[in-house]
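Read the structure below first, then the notes.
In our numbering, the protein residues as written are 4 to 235.
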């Protein structure tokens, strides 16, 4: 804003337009890269998937796997763009994307829970299935809280719960990175090691989401304090 003291009084009282929101391209790029490995892995799994004939349970499991891969992939890609302040400022885009993301997120979490419960693998893979089941339930809870918050028009809470849900969704990329770090000293993880890798990936992303939520809350509190100081 100009500081010229010779401006006319009516010009001094005019306010400059707010600065344009940041594009957030760095965050979007990072999230898309984090999603790339599980999306590619899911696409390869889809190529190998076949619908068995005559076995209703196997057919349902195949449908659940396809639903999980497709819904999670779209959720991660579209959801990444919700972290752009510029796009969030376009309320039409943000609302339309949210109406797509919420059901997709629930479908991804529910199908993930199905695959965990009816995994049909050997007994030593049960702990891994339970880890995935737990975080599928956590993601569903976060999405439900996000939906409740937006109905109540509590936009800050809506953003916080949505961030947590998205963090769980993109944990596949973090799990891949943790797996690489694990393999350096220990070699390729066995079933028990994979359980720890998957749990670590989910937990890391959840903790990062909590840091983001806290940072946003601190920023809002700081702005409110500054506005109060200007008014007083």
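Positions of the beta carbon are idealized from the N, C-alpha and C atoms, including for glycine.
task: Please name the residue in 59, 61, 48 and 83 whose C-alpha comes closest to that of residue 37.
output: Cα-wise, what sits closest to residue 37 is 83.
Which of helix, strand or coil DSSP assigns to residue 3: There is simply no residue 3 to check, as the chain begins at 4 and stops at 235 in what is shown.
- prompt: Among 130, 103 and 96, which has the Cα closest to the Cα of residue 196?
  reply: If we check each option's Cα against that of residue 196, 130 comes out closest.
task: Put residue 27 into one of helix, strand or coil per three-state DSSP.
output: coil
Where the alpha helix (DSSP H) through residue 52 begins and ends: Residue 52 -> no alpha helix (DSSP H), and no H or E assigned at all.
message: Between residue 68 and residue 46, how many whole angstroms is the CB-CB distance? I'm expecting something under 8 Å.
response: Not confirmed; about 12 Å, so no contact.
- prompt: I think residue 111 touches residue 149, with their Cβ atoms under 8 Å apart; what is that distance to the nearest whole Å?
  reply: Residue 111 to residue 149, Cβ: 14 Å. No contact.
- prompt: Around the C-beta of residue 138, are 16 or more other C-beta atoms found within 10 angstroms, so that it is buried, or is it exposed?
  reply: buried
query: Can you name, in chain order, every residue of its own chain whose Cβ lies under 6 Å from the Cβ of residue 97, other than the five neighbours on each side?
result: 91
message: Tell me the DSSP secondary structure of residue 85 in three-state form.
response: coil
- request: Please report the residue range of the alpha helix (DSSP H) in which residue 106 lies.
  value: 94-120
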